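Chemist: If you're matching positions, the sequence shown starts at 1 in UniProt numbering and goes up one per residue. Where is the CB? At the ideal position from N, CA and C, for every residue including glycine. It should be emphasised that the depicted structure is a prediction, and the values quoted were computed from it without experimental measurement. Sharing a structure, written as structure tokens. Questions coming.
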Amino acid sequence: MNTFEVAILPIHIPSGNVWPLGLSIYERNGVVLYYDSYANHMSDYVHSYIESAINNITAGAHQNPVIIEVSENDLNIQTDGVNCGFHVVLNAESYLLNNGVTFLDHFNIDTERARILEILSGYLPNRNVQYIPRLYEDNDVIDSHPNNVEKPSFLPQLGAKESQEIH
1 MNTFEVAILP IHIPSGNVWP LGLSIYERNG VVLYYDSYAN HMSDYVHSYI ESAINNITAG
61 AHQNPVIIEV SENDLNIQTD GVNCGFHVVL NAESYLLNNG VTFLDHFNID TERARILEIL
121 SGYLPNRNVQ YIPRLYEDND VIDSHPNNVE KPSFLPQLGA KESQEIH
């Protein structure tokens, strides 16, 4: 049997066009805490997934763990569709470092995301990582067709008068 104190299990929750993640935290006492940063109730799929995962990591020792959904009052609710992974990391970190408390006062996902990215960048061999945006090029292939349309512009179109004033 594997020896561990706590197992952190991120869960992909199939849900239409978004890819939300949940989090299960299992301590070897047969109890699983389930976190959903959207505060949705656990589906049968997620319940089965958690049971299967716990069965696998405990070599069958805990086939029917008690699964407790963490109340929305005990976590920071996600208000967008892009920070699921960061919420999973924050809930896991808070659980481990704050004696099981996962609600963070004065929570700001932008600040927390920047902090996590800074920590992760410390593991890169070359910390001078530059952001290089992917530029839209004339030869880009979109949907299996070469680009033969005008490039989209995110800048306001200038009239002749405004254009002359710039030059």
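Decide if P14 is buried, meaning its Cβ has at least 16 other Cβ atoms within 10 Å, or exposed.
Modeler: For the purposes of this step, residue 14 is taken as the residue at position 14 of the sequence shown. Per the 10 Å Cβ criterion, exposed.
Chemist: Measure the C-alpha to C-alpha separation of I116 and A7 and round it to an integer number of angstroms.
Modeler: On the sequence shown, position 116 is the one that residue 116 refers to. On the sequence shown, position 7 is the one that residue 7 refers to. Approximately 20 Å, taken between the alpha carbons.
Chemist: Quick one: what's got a C-beta closer than 6 Å to V70's C-beta in the same chain, skipping five residues either side?
Modeler: Indexing the sequence shown from 1 puts residue 70 at position 70. For V70, where only same-chain residues beyond five positions count, the Cβ hits under 6 Å are L33 and Y35.
Chemist: Under a Cβ-count criterion, where at least 16 other Cβ atoms within 10 Å of its own Cβ denotes burial, should residue 214 be classed as buried or exposed?
Modeler: Because the chain here runs from 1 to 167, residue 214 falls outside it and cannot be looked at.
Chemist: Please report the straight-line C-alpha distance between D80 and A39, rounded to a whole angstrom.
Modeler: The residue given as residue 80 occupies position 80 in the sequence shown. The residue given as residue 39 occupies position 39 in the sequence shown. Spanning the two alpha carbons is a distance of roughly 13 Å.
Chemist: Mark H12 as exposed unless 16 or more other C-beta atoms lie within 10 angstroms of its C-beta, in which case mark it buried.
Modeler: What you label residue 12 is simply residue 12 of the sequence shown in a count that begins at 1. H12 comes out exposed.
Chemist: So, are the CB atoms of G122 and V66 less than 9 Å apart?
Modeler: Counted from its first residue, the sequence shown places residue 122 at position 122. Counted from its first residue, the sequence shown places residue 66 at position 66. Not a contact, by the Cβ cut-off of 9 Å.
Chemist: At 3 residues or longer, what runs of the beta strand (DSSP E) sit wholly inside the UniProt domain "Ubiquitin-like protease family profile" (6-115)?
Modeler: The UniProt domain "Ubiquitin-like protease family profile" (6-115) contains these whole beta strand (DSSP E) runs: 6-12, 21-27, 31-36 and 66-69.
Chemist: Taking buried to mean at least 16 other C-beta atoms within 10 Å of its own C-beta, is Y45 buried or exposed?
Modeler: Counting from one through the sequence shown, the residue named residue 45 turns up at place 45. Classification for Y45: exposed.
Chemist: So what does DSSP say about L120, is it helix, strand or coil?
Modeler: Within the sequence shown, residue 120 is the residue found at index 120, counting from 1. In the structure shown, L120 sits in a helix (DSSP, three-state: H, G or I).
Chemist: Going by alpha carbons, who is nearest to residue 176 out of L21, S24 and T3?
Modeler: Outside the shown range of the chain, which is 1 to 167, sits residue 176, and nothing can be said about it.
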